[in-house]
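Enquirer: Please read through the structure below; I'll follow up with questions.
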Amino acid sequence: MSIAIDTRTILNTLRPRREAVRRRLASLRRGVRWRMLLVGVAWIWTALFLFAAISLTADWLLRLSLPVRVSALAAAAVAVAMVARRRLVSPLLLRLDDLDLAALVDRHCPGAAQRVASVLQLPALIEGRASASPAMVEAAVLEHAQALDRTDFRSAFDHRGQGQLLKVLLTTGLIAGVFASCRPDVARLWTRRWFLGSNERWPQANYLSLLGLHGESRLLVPRGESLLVEVDAAPQFQRDKRGWFYLGGRGEPLRISSRLPRPQPVAPETVVLRYRPAAGPAKQANFTRIGDTRFRYEIPQVSEPLTMSITGGDDWFGPIAIVPIDRPAVSSLVVRALRPGAARPHPSPLTEGEGAAAAPPHLSPLPVGEGDYETHNTEGGDSQLLFLPDTDLTLELTASVPLSAARLQVKGGSAPGLERRDDTHFTAHWKMRESQTFELSLVSQEGGLSSKPYFVSIGLLIDRPPRVSIRSSGVGRRVTPQARIPLALHAADDFGMTSLALELEQTLLKDEKPATKTDRVALELPSFTPDAAPTDLDEQPSLSLAERALAPGTLVKLRGQAIDNRAFHSSPLAPREESQPNHSSPLAPREESPPLREAIGGPQTGSSRWLTFQVVTPEELFYEILMRQRAERAKFAAALETAKTQTGPLAGVVSAEVAFGLVRKHQVVARQVWQVANHLEVSLTEMALNDLGSQQARDLLRTNVIDAIGQLHAEPMSRLRAALEAVAADPDGAVEPLAEARELQQEVVDKMAKILEQMSQWENFVDVLNQLKAIVKQQSGVLEATEAEKKRRTRDLFDD
């Protein structure tokens, strides 16, 4: 029993010592945990501070994009978490029992761990069933406890390191606080960019804006045309609804906090454009400065989608999609015209009941065969649009794409307004007053592209009088009373003609005063319908003076006249009756046909110039023609003499120079001979039309002279020219052509002499005929005088 009591007493004696050591170790444990907490917080704060500093610096300098910032923020979060786990969480989760703390103290105070273990663990040897001497245990515990009392557990802490950690925390915290206080805008902007996902830019010196982009994220451009990209380096910032500074024209809006000062852009030195086609390598080009703050670059012929980015100074934006689209164009342009007074179309089924609101009444389709509505399609642009005054015009436009607007413009005047029927159809209605050229401009709904200028010219049609021309052939200005005058009459009019006639004016002296008589001879027109009068006529009438018994000395004036159809009203008159042709004379008078329709202002008459003829006696005109023929005979004789001079040079040796001279002279002779034949042909025609000479005399002139000259020109003279040209080409080797030329030259001279003789015989024959006519006329005059005297005497005899 005494042993048990002694053991409890010893344990009770040692308990205060043990508790004192445990309290000291507990105090040490709190200090260690505080130190680990301080170190962990310092590590985490330092990591956050470094992240903030590095991210701020990198973002300021490199202007990191949102994906890069998100990735960096995620990496930083992982790194901070790892630091927190290693430097804070894991140390704080350590158990740190008494022996572990003793081992920590043992690093600075060797033997301390053994003493702590002895004080705390040796009493366990005498608890319960003792396995050791209580006295020895007590002595050892007391000894080690006394030694531990002299040991400073706080020496295990490095107080300088703790102070340095506090200094680091205070310094970095102070730096962050001072920066946030001095530059709160930067701190807030960094916070928004990194933790709120904002794309707000850091303050820049340069700000760029793409003109024409506005608030769109893509740029619609005309397909197949070059794109002129223009950048403004001094754009004006606007305030949005939240009060932020707002800058458009960049694809993605650029916003800057209103707490920052309003940006004052500075133009960069250069602006760079990078664009990439849908298929192909990227291209880079520098803008051209066109002003202090404007830059321009032209991308050639955009036919496929592009993406482009623009960089200048410390500003950039993009990529911006460039989408080529077709400009609005005119698919069809139809002009409907309703002539003044024309029959208006009947109501169409489209204007009654369902669908009546879709089309105005004046746009109703014209029923087939009803009304006088004319439709002109201007797509080809070849036909002229000409309309009468007061014509009701309707323009119908169909666009290739939906339109937001369509306008008609007239320079120096007012244009009719276009009425929208739907997105692609527009109409305009007006009354024709004057000639106008409309400029049509279209604006598409997609992209707001404007069409290329489209011009429509509409002219004022003036219904002119008919244009008539007349000419005669075969006779001169002096004709006989028996003359037949061939005429060629041409008449044309815009709307057709209803009448064509000849106006004949005769002037002669009566009682020594000029008396004028005018006749109008209607010509028969081809049959035509009431709505399709002929617009172009060619007639070849022949005027016979013998039927009019004109006396010599009469002045005859002749011209053509035509009456037009004129612009007509809708009330048709009765269709004209077909006139019966007069086969006795092509110029026989006939009743005129009434106009097709009630004309506006009455029909118009067009006249040709006057053809003037002087009626003379057959003897006078025959003598004049004979004088002309004698002049032609003199010309033919001169040509014969020239031809005779060719015979001598051909008889000897012919050089090239001589041969060329012979060719030229032969050409002159041939031309003179041909001219003589033509002039004789003209005079023969004039004789026949004026009934001069007998038929036998005219046949002799035709056969013996004119036809003979034609045969002479066609046969020997043509062959002679070919032979002379062969000699001129090779004088030394052309032996046969030279011999042939000599024979042909002699043949030409002989035939020309024979023809000249025939011309002289014909003139003698005509003289004989004229003398015979004169004798017959004289005898007729004597006979008439005798008969008159006989009648006078008989009358006198009965009177007596």
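For what it's worth, the working numbering labels the leading residue of the sequence shown as 1339, then goes sequentially. Where is the CB? At the ideal position from N, CA and C, for every residue including glycine.
(1) At the level of alpha carbons, what is the spacing between A1571 and I1637?
(2) Helix, strand or coil: which one does DSSP assign to E1777?
(3) With H, G and I counted as helix, E and B as strand and the rest as coil, what does DSSP make of V1992?
(4) Considering Cα atoms alone, identify which of S1865, A1870, R1858 and T1873 is closest to L1881.
(5) So what's L1893 in DSSP terms, helix, strand or just coil?
(6) Measuring CB atoms only, is the stretch 1755 to 1769 touching the stretch 1800 to 1817, in the sense that at least three cross pairs come out at less than 8 Å?
(7) According to DSSP, simplified to helix, strand and coil, what is P1522?
(8) Taking the beta carbon of V2073 as the centre, do at least 16 other beta carbons fall within 10 Å, making it buried, or is it exposed?
(9) Across which residues does DSSP place L1842 in a beta bridge pair?
(10) Quick check: the stretch 1816 to 1833 against the stretch 1742 to 1754, are there 3 or more CB pairs under 8 Å?
(11) Given this structure, state the Cα-to-Cα distance separating E1841 from D1902, to the nearest angstrom.
(12) In this structure, how does DSSP classify H1828 when only helix, strand and coil are distinguished?
(13) For M1420, count neighbouring C-beta atoms within 10 Å of its own C-beta (all shown protein chains included) and say buried if the count is 16 or more, exposed if not.
(14) With DSSP collapsed to three states, give me the class of E1590.
(15) Specify whether the stretch 2039 to 2057 and the stretch 1985 to 2002 touch according to this definition: at least 3 beta carbon pairs, one from each stretch, less than 8 Å apart.
(16) Under the three-state reduction of DSSP, which class applies to T1818: helix, strand or coil?
(17) On the DSSP letters alone, give me the boundaries of the alpha helix (DSSP H) that R2059 sits inside.
(18) Taking DSSP as the reference, what is the three-state secondary structure of A1620?
(19) Return the chain-ordered ranges of every beta strand (DSSP E) run that is complete within the stretch 1635 to 1680 and spans a minimum of 3 residues.
(20) Would you check if the distance between the CB atom of V2014 and the CB atom of F1960 is smaller than 8 Å?
(21) With distances taken between CB atoms, is the gap from L1893 to Q1820 smaller than 8 Å?
(22) What do you reckon, are the CB atoms on G1589 and G1656 nearer than 8 Å?
(23) Taking the beta strand (DSSP E) that T1736 belongs to, which residues open and close that run?
(24) Hey, how far is the Cα of R1371 from the Cα of P1429?
(25) When the Cα of A1477 is compared with those of A1380, L1386, F1575 and T1345, which residue comes out closest?
(26) For T1950 versus R1815, is the C-beta spacing smaller than 8 Å?
(27) Helix, strand or coil: which one does DSSP assign to G1944?
(28) When the Cα atoms are used, what is the spatial distance from E1692 to V1672?
(29) Measure how close the beta-carbons of L1896 and L1861 come, nearest whole angstrom, since I'm counting them as under 8 Å.
(30) Can you confirm whether the stretch 1658 to 1668 touches the stretch 1781 to 1794 when touching is taken to mean that 3 or more C-beta pairs between the two stretches lie within less than 8 Å?
(31) Under the three-state reduction of DSSP, which class applies to D2037: helix, strand or coil?
(32) Could you have a look at P1852 and say whether DSSP puts it in helix, strand or coil?
(33) Whole-angstrom Cβ separation of A1977 and Q2010, contact assumed at under 8 Å?
(34) For Q2083, count the other beta carbons within 10 Å of its own beta carbon; 16 or more makes it buried, fewer makes it exposed. Which is it?
(35) Taking 8 Å as the cut-off, decide whether the C-beta atoms of G1797 and L1733 are in contact.
(36) Does DSSP classify P1699 as helix, strand or coil?
Expert: To lay it out plainly:
(1) On the sequence shown, position 233 is the one that residue 1571 refers to. On the sequence shown, position 299 is the one that residue 1637 refers to. Taking the straight line from one Cα to the other gives about 19 Å.
(2) Residue 1777 sits at position 439 when you count from the first residue of the sequence shown. Note: E1777 maps to strand in three-state DSSP.
(3) Position 654 of the sequence shown, counting from 1, holds the residue named residue 1992. Coil at V1992, not helix or strand.
(4) Along the sequence shown, read from residue 1 onward, the residue named residue 1881 stands at position 543. Answer by Cα proximity: R1858.
(5) Within the sequence shown, the letter at position 555 stands for residue 1893. Three-state result, L1893: strand.
(6) no
(7) Stepping through the sequence shown from its first residue, residue 1522 is reached at position 184. It is helical.
(8) The sequence position of residue 2073 within the sequence shown is 735, counting from 1. Residue environment for V2073: exposed (fewer than 16 other C-beta atoms within 10 angstroms of its C-beta).
(9) By 1-based counting over the sequence shown, the position of residue 1842 is 504. L1842 is bridged to D1857 and L1896.
(10) no
(11) Residue numbering aside, residue 1841 sits at position 503 when the sequence shown is read from its first letter. Residue numbering aside, residue 1902 sits at position 564 when the sequence shown is read from its first letter. C-alpha separation (whole angstroms): 16 Å.
(12) The residue labelled residue 1828 in the question sits at position 490 within the sequence shown. Of the three classes helix, strand and coil, the one that applies to H1828 here is strand, per DSSP.
(13) Locating residue 1420 in the sequence shown gives position 82, where the first residue counts as 1. It counts as exposed.
(14) For the purposes of this step, residue 1590 is identified with residue 252 of the sequence shown, where counting begins at 1. E1590: coil per DSSP, three-state reduction.
(15) no
(16) Taking the first residue of the sequence shown as position 1, residue 1818 is located at position 480. Coil.
(17) Position 721 of the sequence shown, counted from the start, is the residue given in the question as residue 2059. Run containing R2059: P2054 to A2067, per the alpha helix (DSSP H) assignment.
(18) Numbered from its first residue, the sequence shown carries residue 1620 at position 282. Three-state result, A1620: coil.
(19) Listed in chain order, the complete beta strand (DSSP E) runs (minimum 3 residues) inside the stretch 1635 to 1680 are 1644 to 1650, 1653 to 1663 and 1668 to 1676.
(20) Along the sequence shown, one-based indexing puts residue 2014 at 676. Along the sequence shown, one-based indexing puts residue 1960 at 622. No, Cβ-Cβ distance for V2014 and F1960 is not below 8 Å.
(21) Residue numbering aside, residue 1893 sits at position 555 when the sequence shown is read from its first letter. Residue numbering aside, residue 1820 sits at position 482 when the sequence shown is read from its first letter. Cβ distance not < 8 Å, so L1893 and Q1820 don't count as in contact.
(22) Indexing the sequence shown from 1 puts residue 1589 at position 251. Indexing the sequence shown from 1 puts residue 1656 at position 318. Taking a C-beta distance under 8 Å as the contact criterion, G1589 and G1656 qualify as a contact pair.
(23) Residue numbering aside, residue 1736 sits at position 398 when the sequence shown is read from its first letter. D1730 to A1737 is the span of the beta strand (DSSP E), which, as asked, contains T1736.
(24) Stepping through the sequence shown from its first residue, residue 1371 is reached at position 33. Stepping through the sequence shown from its first residue, residue 1429 is reached at position 91. R1371 and P1429: Cα-Cα distance of roughly 8 Å.
(25) The residue given as residue 1477 occupies position 139 in the sequence shown. With distances taken between Cα atoms, A1477 lies closest to T1345.
(26) Working through the sequence shown from its first residue, we reach residue 1950 at position 612. Working through the sequence shown from its first residue, we reach residue 1815 at position 477. Yes.
(27) Within the sequence shown, the letter at position 606 stands for residue 1944. Reduced to three states, the DSSP call for G1944 is strand.
(28) As a working note, residue 1692 is residue 354 in the sequence shown. As a working note, residue 1672 is residue 334 in the sequence shown. Low local confidence applies: a pLDDT of 36 at E1692 is under 50, so the model's placement there is unreliable, with the coordinate-based value given in what follows. Going by the C-alpha atoms only, they are around 25 Å apart.
(29) What you label residue 1896 is simply residue 558 of the sequence shown in a count that begins at 1. What you label residue 1861 is simply residue 523 of the sequence shown in a count that begins at 1. 13 Å between Cβ atoms; not a contact.
(30) yes
(31) Locating residue 2037 in the sequence shown gives position 699, where the first residue counts as 1. Reduced to three states, the DSSP call for D2037 is helix.
(32) Your numbering for residue 1852 matches position 514 in the sequence shown. Three-state DSSP puts P1852 in a strand.
(33) Mapped onto the sequence shown, residue 1977 falls at position 639. Mapped onto the sequence shown, residue 2010 falls at position 672. That belief holds up - the Cβ atoms of A1977 and Q2010 are roughly 4 Å apart, short of 8 Å.
(34) By one-based count along the sequence shown, residue 2083 stands at place 745. It is buried - the Cβ of Q2083 has at least 16 other Cβ atoms within 10 Å.
(35) Here the question's residue 1797 lines up with position 459 in the sequence shown. Here the question's residue 1733 lines up with position 395 in the sequence shown. No, the Cβ-Cβ distance between G1797 and L1733 is not below 8 Å.
(36) Taking the first residue of the sequence shown as position 1, residue 1699 is located at position 361. Caution applies to P1699, whose pLDDT of 38 falls short of 50 and renders its modelled position unreliable; the value that the coordinates give is listed next. It is helical.
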